[in-house]
Amino acid sequence: MSNAVPATEAVILEEQGEARPRGVPALKYASSKIGGALISLVMVILLGFFAFKILPGDPARAAARDRQMTPEQLEQLRHQMGLDKPLWQQFTDYLGNVFTLNFGQSYVYKQSVSSLIGEYFWNTILLTGTAAIIAIALGLWLGQKAGWLHGSTFDKLTTGTSLVLWSVPTFWLGLLLLMIFGGTLHWFPTGGMTSPNPPADAPGLVLDVISHMVLPVITMVAVVYAQYVLVMRASVMEERTADYLVTARAKGLRDDLVRSRHAVPNALLPAVTLVFMHLGGLIAGAVTVETVFSWPGLGKLTFQAIQGPDLPLLQGTFVVFSAIIIVMNLAADFVYRWLDPRVRRA
2 MSNAVPATEA
12 VILEEQGEAR
22 PRGVPALKYA
32 SSKIGGALIS
42 LVMVILLGFF
52 AFKILPGDPA
62 RAAARDRQMT
72 PEQLEQLRHQ
82 MGLDKPLWQQ
92 FTDYLGNVFT
102 LNFGQSYVYK
112 QSVSSLIGEY
122 FWNTILLTGT
132 AAIIAIALGL
142 WLGQKAGWLH
152 GSTFDKLTTG
162 TSLVLWSVPT
172 FWLGLLLLMI
182 FGGTLHWFPT
192 GGMTSPNPPA
202 DAPGLVLDVI
212 SHMVLPVITM
222 VAVVYAQYVL
232 VMRASVMEER
242 TADYLVTARA
252 KGLRDDLVRS
262 RHAVPNALLP
272 AVTLVFMHLG
282 GLIAGAVTVE
292 TVFSWPGLGK
302 LTFQAIQGPD
312 LPLLQGTFVV
322 FSAIIIVMNL
332 AADFVYRWLD
342 PRVRRA
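Here this note's numbering is used: position 281 in the sequence shown is 282, and no number is missing along the way.
Here it is as structure tokens:
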């Protein structure tokens, strides 16, 4: 009889889906998600070649930087750039460059695309990473408080402000801040990452970079943080009436402790996954902000490549941006499964 009870319980648990071995479902889940990410990456690589081929403009003339050239010289330049090759041969060259992380040579900069991306990548990470940290911290804090104080003046003011800023076009807000605080009040620099004559000492250089970051970071935070406010607010509102919170109050816990120790940790699940899903989009969305504020990052590099068109540079930045988004979405799937046991049992 002593062995019958555990066996019966095991059968019941297995029928409920709670006693299945975790290794096989986890491996199956990981392989399906990674496989989907790889398929998305392949589609991005294919799109990165054919989509930019239909862009108007002559890459050879762009590479010549509007210098007067004879038709024979232009044809020779097109031959050097490989533009006179058949489309299938250009495609195979492109695939070879992508899979070797080479991406070819920029038509305009006369430099390897990989070295250009490596040079500008960390500037973009610095700008978008700072904006992401501030937006996430501010959005989650305001969201949990607004959801807990649902219907209060704080909730209405926070939600209304978030919705207004979320609906504002990024380029318009950036130009407005640039015009007021950079052009009229002269509180902050109007563009770039450093001053023309930056300080020689390290502390002075850091402060100089920070002063150039203020306006673009505010622009990105103002547009992005509203997403976290609204998601966190909705999650906390769902948790407010849960039975375990009633039990916590019955034990005599203060209201702020009930919120911080019980409601907020459970409400964080949708917000945390949203953070990972939007990090990649935030980096890719830096094109507008970096162009408005002349920030030397991948966004500005992409904008300049479009004007060319500088096809190798466009293809390289497109693949990098898309890969970042795919990786962040994949990370969101794994984090969601790790945080929510219901997904692991599904």
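Glycine residues also receive a C-beta, built at the ideal position from the N, C-alpha and C atoms.
Cβ neighbour criterion (16 or more within 10 Å) applied to residue i
i, result
"residue 290", "buried"
"residue 205", "exposed"
"residue 170", "exposed"
"residue 326", "buried"
"residue 116", "exposed"
"residue 180", "exposed"
"residue 144", "buried"
"residue 118", "buried"
"residue 184", "exposed"
"residue 334", "buried"
"residue 248", "exposed"
"residue 99", "buried"
"residue 97", "exposed"
"residue 264", "buried"
"residue 253", "exposed"
Unbroken alpha helix (DSSP H) run spanning residue i, endpoints
i, result
"residue 292", "287-293"
"residue 234", "203-240"
"residue 54", "24-54"
"residue 132", "114-149"
"residue 308", "299-308"
"residue 157", "154-168"
"residue 94", "88-100"
"residue 173", "171-178"
Residues of its chain near residue i, where Cβ-Cβ distance is below 6 Å and the 5 sequence neighbours each way are ignored
i, result
"residue 268", "236, 237, 240"
"residue 151", "238"
"residue 95", "50"
"residue 38", "327, 331"
"residue 276", "137"
"residue 322", "285"
Selection from the options that minimises the alpha carbon distance to residue i
i, options, result
"residue 215", "230, 123, 175", "175"
"residue 55", "325, 323, 312", "312"
"residue 331", "44, 35, 172, 26", "35"
"residue 167", "264, 220, 125", "220"
"residue 324", "27, 26, 43, 28", "43"
"residue 156", "306, 226, 231, 200", "231"
"residue 260", "26, 91, 149", "149"
"residue 187", "213, 208, 201, 202", "213"
"residue 163", "233, 88, 198, 113", "233"
Cβ shell of residue i (< 7 Å), same chain only, five flanking positions each side left out
i, result
"residue 5", "Reliability fails at residue 5, whose pLDDT of 43 lies under 50, so the model's placement of it is uncertain and no value is given."
"residue 288", "300, 303, 304"
"residue 133", "280, 283"
"residue 298", "121, 124, 125, 128, 287, 291"
"residue 30", "338"
"residue 210", "194, 195"
Residues sharing a beta bridge with residue i, DSSP
i, result
"residue 106", "113"
Cut-off 8 Å between Cβ atoms - residues of its own chain near residue i, not counting five sequence neighbours on either side
i, result
"residue 178", "216, 219, 220"
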